[in-house]
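Under this note's numbering, the first residue of the sequence shown is numbered -15, with each subsequent residue one higher.
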Amino acid sequence: MKNVRHIIWDFNGTLLDDVDLCVTTMNTLLIEYELPKLDVNRYKDIFQFPVKEYYRTLGFNFEADPFEKLAVEYLSIYNQEVTKCQLYQGVIEALTLNRTLGIKQYILSAFEHDELINVLHKLDIIDFFDDVAGLDNQHAASKTAQGHRLMQRHQLSTDGTVMIGDTHHDLEVANELNIDCLLIDHGHQSRRRLDALHPWVTTHFRDIPEQLSALKALNTVS
């Protein structure tokens, strides 16, 4: 992976397979509030950032039930179960290869920071990362400010850094940070949506080195 010195990973939906948990957790709320349930396909077609808009699409009435209250209810269920989620196949191999190549790795996530650290310890992968940046609230807001702080804290060069994520928001953050982005299609948004946004979308972790090399080579030439 020539010219890649730093990888900023998203976590949920990129490294951690929590899609089914997100659907079942939201369905618990939807049943409680007498709203139509979700399936995985619809979830991947409507999930978005800011997450408040996703809740609005599902039909929640924020005048009767403020988003902040709904978010706390959601996370009280999700956080009880998230440590049962597994990493996607190929994650350990990818992280190990990057470490062998001397590539520094970081996590930038909309997951609340303390919960994120807890899950990384449970999965026994925290030592792969030079820094972990979760959010300091429970409302899954923008990761852009944290991303800027992460870049500044480690003096990361924009040309040597790439972000890998699974949603439009990861691409938005990468654009704000002025770094390259590779999206992976097994997470929280459908391949159709990702392809409509970005030419660099992959399916398997084993293909990431080739994809990143091609991405960097193209951008170096251009």
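All C-beta atoms in this analysis are idealised placements derived from N, C-alpha and C, irrespective of residue type, glycine included.
Pair within 8 Å by beta-carbon distance, residue i and residue j
i           : j           : result
residue 147 : residue 15  : no
residue 161 : residue 138 : no
residue 89  : residue 79  : yes
residue 150 : residue 118 : no
residue 140 : residue 92  : no
residue 74  : residue 188 : yes
residue 7   : residue 38  : no
residue 1   : residue 72  : yes
residue 196 : residue 178 : no
residue 115 : residue -6  : no
residue 111 : residue 97  : no
residue 58  : residue 13  : yes
residue 164 : residue 185 : no
Paired residues, beta bridge with residue i - DSSP
i           : result
residue 165 : 147
residue 117 : 92
residue -10 : 88, 145
residue 23  : Residue 23 pairs with nothing; no bridge assigned.
residue 186 : 168
residue 1   : 70
residue -4  : 0
Residue span of the beta strand (DSSP E) that contains residue i, given as start and end
i           : result
residue 172 : No beta strand (DSSP E) holds residue 172; DSSP gives it neither H nor E.
CA nearest to the CA of residue i, picked from the options
i           : options            : result
residue 145 : 68, 195, 87        : 87
residue 23  : -2, 33, 11, 62     : 11
residue 36  : 28, 50, 29         : 50
residue 105 : 173, 5, 66, 83     : 66
residue 64  : 41, 40, 76, 99     : 99
residue 156 : 33, 4, -11         : 33
residue -11 : 53, 13, 85         : 85
residue 291 : 152, 129, 193, 194 : The question about residue 291 has no answer, for the chain in this structure spans -15 to 206.
residue 94  : 127, 109, 18       : 127
residue 60  : -3, 107, 5, 185    : 5
residue 174 : 25, 17, -4, 21     : 25
Per-residue burial, residue i [other beta carbons within 10 Å of its own, 16 or more giving buried]
i           : result
residue 199 : buried
residue 190 : exposed
residue 176 : exposed
residue 45  : exposed
residue 201 : exposed
residue 124 : With a pLDDT of 47 at residue 124, under the threshold of 50, the predicted position of this residue should be treated as unreliable, and no value is reported.
residue 129 : exposed
residue 70  : exposed
residue 9   : buried
Enclosing alpha helix (DSSP H) for residue i [first to last residue]
i           : result
residue 132 : 128 to 137
residue 55  : 51 to 65
residue 104 : 97 to 107
residue 140 : Run containing residue 140: none; DSSP gives neither H nor E here.
residue 38  : 35 to 42
Residue-level contact to chain B via CB, residue i, 8 Å cutoff
i          : result
residue 29 : Going by chain labels, chain B is absent from the structure shown, which holds only one protein chain.
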